[in-house]
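Using our numbering, the first residue of the sequence shown is number 13, and each one after it goes up by one. Quick reminder that beta carbons are idealized off the backbone N, C-alpha and C, glycines included. Below is one structure, written out as structure tokens, with a few remarks after it.
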Amino acid sequence: MAYYPAVWRARRAPVAWNDVFGRFDRIFDSNDGNRLSLQWSPVTDVREDEDGLHVAVELPGMNTDDVAVSVENGILSISGEKKQVTEEDDSEAIGHLAERRYGSFERTFRLPRGVDSDKVKAQFNNGLLNIEIPKSEKAKKKQIEIK
13 MAYYPAVWRA
23 RRAPVAWNDV
33 FGRFDRIFDS
43 NDGNRLSLQW
53 SPVTDVREDE
63 DGLHVAVELP
73 GMNTDDVAVS
83 VENGILSISG
93 EKKQVTEEDD
103 SEAIGHLAER
113 RYGSFERTFR
123 LPRGVDSDKV
133 KAQFNNGLLN
143 IEIPKSEKAK
153 KKQIEIK
């Protein structure tokens, strides 16, 4: 549902404007029709070296009981819930700004061929989840001796 004047969405509007308004629609309208979805997604880095894949997920304010990691059919799934913490002494306080996100999340990544999903290791420390996904021996680079 659009919240800007219909005149701006005229068919004769420049393509660039239609694209801008389309982007706003996608940002502020969620799939279920509610404005501005409250679901959040943690920041994630994925890198690869000769030994395997390394996934780092920032989960500040969470602990190991709040997060689950699984691998099934070549899909790495990371899910959890960040619970809102309120101060008991601040029951009459007026909030002026709330930028932190809370609630459930799920991130999924398709794993490439050549990784050993049976040897995935996860470690959680100071709000950072590190997942190590080793390559199988067949997928590792081998130096061939020339005779």
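As assigned by DSSP and simplified to three states, the class of residue i
i	result
K131	helix
D78	helix
R125	coil
T98	coil
E111	coil
N137	strand
Beta strand (DSSP E) segment containing residue i, residue limits
i	result
T120	G115 to R122
I158	Segment: none, I158 is in no beta strand (DSSP E) and carries neither H nor E.
I143	L140 to P146
I106	Counting along the chain, I106 falls outside any beta strand (DSSP E), and DSSP gives it neither H nor E.
G64	G64 to E70
D57	T56 to E60
Euclidean distance between Cα positions of residue i and residue j
i	j	result
S89	I158	42 Å
L65	R112	29 Å
S125	V58	In the sequence under discussion, the amino acid at residue 125 is Arg, which differs from the Ser named in the question. One C-alpha to the other measures close to 16 Å.
S53	L123	19 Å
A105	V97	14 Å
V130	L109	First, the amino acid is wrong: residue 130 is Asp here, not Val. So the two alpha carbons sit approximately 45 Å from each other.
G73	F136	12 Å
G107	V67	35 Å
F121	L71	17 Å
Q155	A134	30 Å
G92	N75	10 Å
R119	T56	9 Å
Beta-carbon proximity check, residue i vs residue j, cutoff 8 Å
i	j	result
D78	K94	yes
V69	V132	no
I143	V81	yes
K153	E60	no
G115	Q51	yes
E127	K150	This sequence places Val at residue 127; Glu is not what is there. No, the Cβ-Cβ distance between V127 and K150 is not below 8 Å.
The ligand GTP heavy atom lying under 7 Å from the CB of residue i
i	result
V97	No copy of the ligand GTP appears in this structure; indeed no ligand is present at all.
Any C-beta of chain D under 8 Å from that of residue i
i	result
L123	This model lacks chain D altogether; it includes just one protein chain.
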